[in-house]
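**Q** Below is a structure I'd like to ask you about.
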Amino acid sequence: MATRPFGIDEPIFVLQHHRASRVHFDFRLEHAGILWSWAVPKGPSCRPSVKRLAVRVEDHPLAYASFEGRIPAGSYGAGEVLVWDFGRWTPHADDVDAAVARGHLGFDLAGRRLGGGWALDRLRDDDWLLVKERDTAACDDGPDLTERFSGSVLTGRSFDDIATDPDAAVWTGDDVH
Ligand code: MN
């Protein structure tokens, strides 16, 4: 049996921070053995009034969820990847495939940094919006999530730490975004 990402026996989410040609976040939800994936240029906001663009990208292998390290120069997405948050995710709808097909996916996150209710709403084609629902995990003022937290939630490392760590993992699998 393959080891489950993060040792969690329920469907996981991961939010990776990726310093490629442009720095962005990658939000991934485990579903049916793969990772549904969205690139979120500005990352999540805890403010329900702030809607963050989330561009749907290719499904990724489940094994990529816990990857933290370097993608080699010359490969797609070359640069550093760190695990910014992870945990369990629970969809609000019973039929998540139908929810995604319909373009509205509501869910709860139980991460280290992210919690409460969230939604992904499709604008058009691959463009979605990631929005915090109004609940006790929401915020209306004060520093936002990406100001409150930085670096790896697993190891505390920054991009520069990973770039200069001779022991950092190197991704040698298929192209990742
Ligand atoms: Mn990426």
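Under my numbering, the first residue of the sequence shown carries the number 128, and numbering increases by one thereafter.
Built from N, CA and C at the ideal position, the CB exists for glycine as well.
Please read these numbers as outputs of a predicted model, since none were measured by experiment.
Taking the alpha-carbon positions, what's the Ser193 to Arg240 distance?
**A** Approximately 16 Å between the Cα atoms of the pair.
**Q** In three-state terms, what does DSSP make of Glu195?
**A** Residue state, collapsed to three classes: coil.
**Q** Only counting the same chain, and skipping five residues up and downstream in sequence, which positions put a Cβ closer than 7 Å to that of Asp254?
**A** Cβ within range, chain order: Leu180 and Val182.
**Q** When you compare each of Val150, Arg251 and Glu157 to Pro132 by their alpha carbons, which one comes out closest?
**A** Selected option, being the one with the closest Cα: Glu157.
**Q** In the DSSP output, what is Ser164 paired with across the bridge?
**A** Ser164 is bridged to Arg155 and Val184.
**Q** Using CA atoms only, rank isn't needed, just tell me which of Trp211, Arg229, Arg261 and Ile139 is closest to Asp153.
**A** Comparing Cα positions, the closest option is Trp211.
**Q** So Leu162 and Leu189 are supposed to be a Cβ contact under 8 Å. How far apart are they, rounded?
**A** Indeed, because the Cβ distance is near 6 Å, the residues count as touching under 8 Å.
**Q** Cβ-heavy atom distance between Asp153 and the ligand MN below 8 Å?
**A** Asp153 Cβ: within cutoff of the ligand MN.
**Q** Whose C-alpha, out of Tyr191, Leu250 and Thr263, is nearest the C-alpha of Ser164?
**A** Ser164 has its Cα closest to that of Tyr191, out of Tyr191, Leu250 and Thr263.
**Q** Relative to the ligand MN, is the shortest distance from any of its heavy atoms to the C-beta of Gly170 smaller than 8 Å?
**A** Result no, Cβ not under 8 Å from the ligand MN.
**Q** Taking Cys173 as the reference, give the member of Ala295, Val227, Leu236 and Ala166 with the closest Cα.
**A** Among Ala295, Val227, Leu236 and Ala166, the Cα nearest to that of Cys173 is on Leu236.
**Q** Quick one, are the C-beta atoms of Ile139 and Phe213 less than 9 Å apart?
**A** Against a cut-off of 9 Å, the Cβ pair of Phe213 and Ile139 comes out as a contact.
**Q** Kindly identify the DSSP beta-bridge partner or partners of Ile139.
**A** For Ile139, which the question treats as bridged, DSSP gives the partners Arg215.
**Q** Suppose contacts are defined by Cβ-Cβ distances below 9 Å. Is His145 in contact with Gly206 by that definition?
**A** Their beta carbons are under 9 Å apart, which means His145 touches Gly206 by this criterion.
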